[in-house]
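Converting from the sequence shown to the working numbering requires adding 2 to each position, the first position being numbered 1.
Every residue gets a Cβ at the ideal spot worked out from N, C-alpha and C, and that includes glycine.
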Amino acid sequence: MLHYTPWQQAYETQGLEGYIVAITQDFLQPGNDLSQLLMSLEALEKQVKAHTQPQLAPLFSELFAIIRDTRLLPMIQNKGFNLDFFRILSLLPDNSTLSATTQTQNIQRQLEQQYRQSQGMDAFVVASILYLLDYFTGIPKEQARTQYVHRFGAINTHAVIAKNSDLQWFGRICHNLFADVDDALAVFDNALYAKDFAKMDLMAQKASVLWVTSILWNIYGQETNFLATYERYKELFYQAIKKNKTELAFFMHFPLSHIYLNLTHTQDQWQKFNDEVEKPLSEFVVRLSKKDKELAPVKRQYDPEKRPLKVAFVYDRIVMNSPFKVLYSLLKGLQEQNSEGHYEYAVYDLEYVEKSASDPECIKMITDLGIPYTSNHNLIKDSRYGLYYSHFDKCKALRRKIIADEIDVLIMCNNREQFNFLFGTRTAPRQLYWSHGSAIYDVNGIDKRISHILLDRWGHTFENFTVPMDAETFYNPPRDPDAIARERAKYPKDVFILGTIGRLIKLESDEYLETVAEIMKQHPHTIYIAAGAGGSDYIRNKVKELGISDRFYFPGFVDPHIYGHIIDLWLDTFPLQQGESRSEYASKGHGVTLAMLQHEALIDRKNRIKAWLVANRESVTKVVLACGVDVDYIEKLWIEKQSKYIAVDVRDYICKCTTLLKDYIKCQTEFSESVSVHNKLKHMSAKLSTVEFFSKL
Numbered sequence: 003m004l005h006y007t008p009w010q011q012a013y014e015t016q017g018l019e020g021y022i023v024a025i026t027q028d029f030l031q032p033g034n035d036l037s038q039l040l041m042s043l044e045a046l047e048k049q050v051k052a053h054t055q056p057q058l059a060p061l062f063s064e065l066f067a068i069i070r071d072t073r074l075l076p077m078i079q080n081k082g083f084n085l086d087f088f089r090i091l092s093l094l095p096d097n098s099t100l101s102a103t104t105q106t107q108n109i110q111r112q113l114e115q116q117y118r119q120s121q122g123m124d125a126f127v128v129a130s131i132l133y134l135l136d137y138f139t140g141i142p143k144e145q146a147r148t149q150y151v152h153r154f155g156a157i158n159t160h161a162v163i164a165k166n167s168d169l170q171w172f173g174r175i176c177h178n179l180f181a182d183v184d185d186a187l188a189v190f191d192n193a194l195y196a197k198d199f200a201k202m203d204l205m206a207q208k209a210s211v212l213w214v215t216s217i218l219w220n221i222y223g224q225e226t227n228f229l230a231t232y233e234r235y236k237e238l239f240y241q242a243i244k245k246n247k248t249e250l251a252f253f254m255h256f257p258l259s260h261i262y263l264n265l266t267h268t269q270d271q272w273q274k275f276n277d278e279v280e281k282p283l284s285e286f287v288v289r290l291s292k293k294d295k296e297l298a299p300v301k302r303q304y305d306p307e308k309r310p311l312k313v314a315f316v317y318d319r320i321v322m323n324s325p326f327k328v329l330y331s332l333l334k335g336l337q338e339q340n341s342e343g344h345y346e347y348a349v350y351d352l353e354y355v356e357k358s359a360s361d362p363e364c365i366k367m368i369t370d371l372g373i374p375y376t377s378n379h380n381l382i383k384d385s386r387y388g389l390y391y392s393h394f395d396k397c398k399a400l401r402r403k404i405i406a407d408e409i410d411v412l413i414m415c416n417n418r419e420q421f422n423f424l425f426g427t428r429t430a431p432r433q434l435y436w437s438h439g440s441a442i443y444d445v446n447g448i449d450k451r452i453s454h455i456l457l458d459r460w461g462h463t464f465e466n467f468t469v470p471m472d473a474e475t476f477y478n479p480p481r482d483p484d485a486i487a488r489e490r491a492k493y494p495k496d497v498f499i500l501g502t503i504g505r506l507i508k509l510e511s512d513e514y515l516e517t518v519a520e521i522m523k524q525h526p527h528t529i530y531i532a533a534g535a536g537g538s539d540y541i542r543n544k545v546k547e548l549g550i551s552d553r554f555y556f557p558g559f560v561d562p563h564i565y566g567h568i569i570d571l572w573l574d575t576f577p578l579q580q581g582e583s584r585s586e587y588a589s590k591g592h593g594v595t596l597a598m599l600q601h602e603a604l605i606d607r608k609n610r611i612k613a614w615l616v617a618n619r620e621s622v623t624k625v626v627l628a629c630g631v632d633v634d635y636i637e638k639l640w641i642e643k644q645s646k647y648i649a650v651d652v653r654d655y656i657c658k659c660t661t662l663l664k665d666y667i668k669c670q671t672e673f674s675e676s677v678s679v680h681n682k683l684k685h686m687s688a689k690l691s692t693v694e695f696f697s698k699l
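Listed below in structure tokens is the structure:
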């Protein structure tokens, strides 16, 4: 439907030329609302498309000259600014005859001087007006927008995008300025990184990166298109290391890890990142530690008999996600078995503010266990500068704190520059890498690798332990049945719901999506719910190609404790599998899970379980008797019953899914019972084995 009635009537009665004349006349009337005119022109042209007609280029050029002279220039002279001008920029034909006038040239010179003297939002507004002037005076479009990004890309992002709602108006600019995210990234690269990055001061360099990683990232969504920045950012990272620009080198680890590790999901991809980013930074850290006495390795030797032994865990954020649930459950179990005070546990929080601030409620859960908590961000002097703090100073501040606290065993993860730095500078007598998924993280200073998941396949040796998950707190908290029913009502009735809950990047596997499509084609009464945060463009395009897009739903971030009662069959992803989210789902007693066995053959799994039961029969017997069963039942449960829900390849995955669907009620009851027993056994045995494991660090 056309949005501006007089123009619509002119188009219908007088044709395209009369339509343009009517628009021109309305812009000449000073009493007509400018924003309404600009919005109407944008909306109308999406349908009429007169600007695409080559023969109408002279008329459009005349229209834009009138808009410039009667609307834009008076606004500039009155020190005004109207974002709605951006709505019509794509309407100017490429063969426009617009050109500069003496008046526009004089105004442009004045504005350029004003821009050089301005900062923050004032500088952004002047840069935007200069761009409009460029556009309305016939400057080639590519040149105009490259110059625009060059101007505002060095401005502090916080001064322009002060709150989340500001992303809306800036998003409108982007959608009018760029064809898509690929176009946006290409212009940013050309305007900011290709030639002039080294000439900028440090704050401008950071701003130029943060416009992409913090602003465009949130406007366009976390799509794999952003991987296009990896090679350029890596080049800037290498240059910083080569020139000993320490702060820039540590800062550049952020965009590299933030984008690459959020958008990749295989060990091979993570190996590439480790080789190309982590190892060069690690070698740089070692060189720094040799030159700076403050960064010299700790001299204390590790003494496992020391009491109390101080054990610290370093995490990137303390928020209600799967890694936190694992950490909290582990600490709770360790504290319950620490009545004699042989150990002192501590948590150091990097506060990865680029992603989100830590959650005060989660922090309180840690401190309520009697465990000291330290915020890395609170240790630095420039935390008030938002994302423009010193990354290197933040690393050093945390190291000083850990050394002052005389930590004996430092347990860290991967993916942030602080981990690399703390490992490489030998911050504690004993340093352990705790993997939550990456089997290939390898930097200087790692003494041992541990994990609560099986990871030995990729070359490094991991010592495994089991976490006594706090199921009561995390796995099945109560939810209002009416809330569940309301959410279920959003989907078709009389369908069987397949799905997963977690980061959408884990679904970006062609093999997995093709397997799901085959299952759904064989069972037309099914739909799939892909619940979770992250970019969905790749998945949407793939399921459309596979012919199942009308049965594929993307609700976004959801309450897993509601959707755990909505999804009937959890089709676990592969090759990157779900972690705690699958355990949470299984524990609710509503549905069934099907997973792909990847790290070992079925017979190897069987032999491993049998061997473990034989080796630990005495301790296992005590635990299983407390659960009201015997060891033979556990062997049958783990080897026979659970094998129904584990596939060894794609064909087996599809076949077992069909079996589960055909006999769902029976399988659901059996699955629920086996999960209940399994969780009790796992929790009781984990408490004992984890304490023993951590006593031998």
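If you draw a straight line from the C-alpha of residue i to the C-alpha of residue j, how long is it?
i	j	result
F695	N166	45 Å
E516	Y540	13 Å
Y117	N84	18 Å
D570	I656	16 Å
Y354	K546	36 Å
N681	E672	14 Å
K51	L61	14 Å
V316	H267	23 Å
T148	Y530	42 Å
Q337	T661	44 Å
E64	Y133	19 Å
D512	D632	43 Å
K646	K544	29 Å
I564	R653	31 Å
V411	I452	13 Å
Determine the DSSP secondary structure at residue i, reduced to helix, strand or coil.
i	result
F286	helix
M205	helix
G372	coil
G155	coil
I141	coil
V316	strand
S360	coil
D651	coil
S538	coil
M3	Residue placement at M3 is poorly supported in this model, since its pLDDT is 40, which falls under 50; the coordinates still yield a value, given next. Residue state, collapsed to three classes: coil.
E280	helix
L307	It should be pointed out that residue 307 corresponds to Glu in this sequence rather than to Leu. It is coil, neither helix nor strand.
Y493	coil
S341	coil
L297	helix
Y354	coil
E346	strand
Within 10 angstroms of its Cβ, does residue i collect 16 or more other Cβ (buried), or is it exposed?
i	result
K492	exposed
H344	exposed
P431	buried
W614	exposed
Q303	exposed
D574	buried
L157	Before going on, a small fix: residue 157 reads as Ile here, not Leu. Counting Cβ neighbours within 10 Å, I157 comes out buried, since at least 16 surround it.
H527	exposed
Y435	buried
T231	buried
I786	This structure does not reach residue 786, given that the chain is present from 3 up to 699, and the question cannot be answered.
T15	exposed
For a quick check, are the C-beta atoms of residue i and residue j less than 7 Å apart?
i	j	result
I163	I217	yes
F326	C364	yes
V328	V469	yes
L371	L333	yes
L599	V518	no
S42	Y13	no
V313	R428	no
Which parts of the stretch 392-477 are runs of the alpha helix (DSSP H), unbroken and 4 residues or longer, counting only runs that do not cross its ends? Here the runs fully enclosed are 393-406, 419-426 and 473-476.
Would you list, in sequence order, the uninterrupted alpha helix (DSSP H) runs of no fewer than 4 residues that lie entirely inside the stretch 55-125? Inside the stretch 55-125, DSSP marks whole alpha helix (DSSP H) runs of 4 or more residues at positions 59-69, 75-79 and 104-118, from first to last along the chain.
Jot down the residue ranges of each uninterrupted alpha helix (DSSP H) in the stretch 162-235, minimum 4 residues, whole runs only, in chain order. Within the stretch 162-235, the complete alpha helix (DSSP H) segments of 4 residues or longer fall at 168-179, 183-190, 204-212 and 219-222, listed in chain order.
What are the start and end residues of each continuous alpha helix (DSSP H) run of 4 or more residues lying completely inside the stretch 529-598, in chain order? Listed in chain order, they are 539-547, 562-565 and 582-588.
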